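Q: Before we start, here is the structure in question, set down as structure tokens.
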Amino acid sequence: MFTDIVGYSALAQRNETLALELLEEHRNLLREIFLGFAGTEIKTIGDAFLVEFQSALEAVQCGIEIQRTLAKRNHDFTGEERIELRIGIHIGDVVHREGDVYGDGVNIASRIEPLAGAGGICVSTDVERQLRSVLDVRFEKLGPADLKNIQAPMELFRVVLPWEKQRPSIPEPKQSSRKNAIRRAVFLALGLLIFLGLIWFLIHRSGRTPQPTTNPVPKAPLAAPAAPELTGQNRSQSCLS
Numbered sequence: 027m028f029t030d031i032v033g034y035s036a037l038a039q040r041n042e043t044l045a046l047e048l049l050e051e052h053r054n055l056l057r058e059i060f061l062g063f064a065g066t067e068i069k070t071i072g073d074a075f076l077v078e079f080q081s082a083l084e085a086v087q088c089g090i091e092i093q094r095t096l097a098k099r100n101h102d103f104t105g106e107e108r109i110e111l112r113i114g115i116h117i118g119d120v121v122h123r124e125g126d127v128y129g130d131g132v133n134i135a136s137r138i139e140p141l142a143g144a145g146g147i148c149v150s151t152d153v154e155r156q157l158r159s160v161l162d163v164r165f166e167k168l169g170p171a172d173l174k175n176i177q178a179p180m181e182l183f184r185v186v187l188p189w190e191k192q193r194p195s196i197p198e199p200k201q202s203s204r205k206n207a208i209r210r211a212v213f214l215a216l217g218l219l220i221f222l223g224l225i226w227f228l229i230h231r232s233g234r235t236p237q238p239t240t241n242p243v244p245k246a247p248l249a250a251p252a253a254p255e256l257t258g259q260n261r262s263q264s265c266l267s
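So our numbering is basically just the index in the sequence shown, starting at one, shifted up by 26.
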């Protein structure tokens, strides 16, 4: 388990006296809680704690008790006098050497702790898998996270603390509502296409110049040339021929 105080460095720059007082109070509170869950304090790093537990169950139960104690304490304080912690918990192999611990288990716990948020507890997927059916709390999936110096993204979870307000759930739309929405969209699209087609037809029609229609005049039949009128002299010549 890794813990640290939210905003401690900034507070130390603004009001060092208050920061040191809160740091000492925070250490006294947490050390008493660690003992109740068989936690072994490995070391403190400024405002942070590194603590080892015998099981993931004890670690998470201890984290919940820490946040519960601080929530009650903060009820009587405002602003800079509040103590808000982030807690990160992971389970894995570690190596003990000269009073310290090393290994991926330590590195991962230190990387997921900043993702817990003020007053929160963030755990790895290994912890959630062991406790999902054992501990009477809900784990909220945060999704995969890229952790510094950790090769593959890791699935993380947030412990939903018992005193947190329930987040309002957004109901999923009913199937019938979805069908009605699709049907309305189809009708709207068809109506739009019909309307655009009508506009195009009217514009196209108004742009054409109508050609006058006239009945063709029938051609007059060709008249044969009139035969020359025969005079008396011509008749006699014709008869002789």
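All residues carry an ideal CB built from backbone N, CA and C; glycine is no exception. Since the model is a prediction, treat every value here as computed from it, not as a measurement.
With a threshold of 16 other CB atoms inside 10 Å of the CB of A64, please say whether the residue is buried or exposed.
A: For the purposes of this step, residue 64 is taken as residue 38 along the sequence shown, with counting starting at 1. Answer is exposed; the Cβ neighbour count stays below 16.
Q: Spatial neighbours of G118 within its chain, please: CB distance less than 6 Å, with the 5 preceding and 5 following residues excluded, ordered by chain position.
A: On the sequence shown, residue 118 is found 92 positions in, with the first residue counted as 1. These residues qualify, in order along the chain: D130 and G131.
Q: Are the segment 150-161 and the segment 101-108 in contact at 8 Å, needing three or more beta carbon pairs?
A: The answer is no - the segment 101-108 does not touch the segment 150-161, with fewer than three Cβ pairs under 8 Å.
Q: CB I28 to CB S136, shorter than 8 Å?
A: Indexing the sequence shown from 1 puts residue 28 at position 2. Indexing the sequence shown from 1 puts residue 136 at position 110. The sequence given here places Phe at residue 28; Ile does not occur at that position. Contact: yes.
Q: Measure the alpha-carbon distance for P140 versus L83 and round it to whole angstroms.
A: Taking the sequence shown and counting its residues from 1, one reaches residue 140 at position 114. Taking the sequence shown and counting its residues from 1, one reaches residue 83 at position 57. Cα-Cα distance, rounded: 21 Å.
Q: On the premise that I115 lies in contact with G89, defined as a C-beta separation below 8 Å, what is that separation, rounded to the nearest angstrom?
A: By 1-based counting over the sequence shown, the position of residue 89 is 63. By 1-based counting over the sequence shown, the position of residue 115 is 89. Contact flag correct, Cβ pair sits at about 6 Å.
Q: At what residues does the beta strand (DSSP E) containing V186 begin and finish?
A: Counting from one through the sequence shown, the residue named residue 186 turns up at place 160. Run containing V186: M180 to V186, per the beta strand (DSSP E) assignment.
Q: According to DSSP, simplified to helix, strand and coil, what is V160?
A: Here residue 160 corresponds to residue number 134 of the sequence shown, with the count starting at 1. Residue state, collapsed to three classes: coil.
Q: Cα separation between G143 and E124?
A: Start at 1 with the first residue of the sequence shown, and residue 143 comes out as number 117. Start at 1 with the first residue of the sequence shown, and residue 124 comes out as number 98. Taking the straight line from one Cα to the other gives about 32 Å.
Q: DSSP state of R112, grouped into three classes?
A: Stepping through the sequence shown from its first residue, residue 112 is reached at position 86. In this structure, R112 counts as strand in the three-state DSSP scheme.
Q: Which word fits L111, buried or exposed, when buried means at least 16 other C-beta atoms lie within 10 angstroms of its C-beta?
A: The residue given as residue 111 occupies position 85 in the sequence shown. Buried, by the Cβ-count rule.
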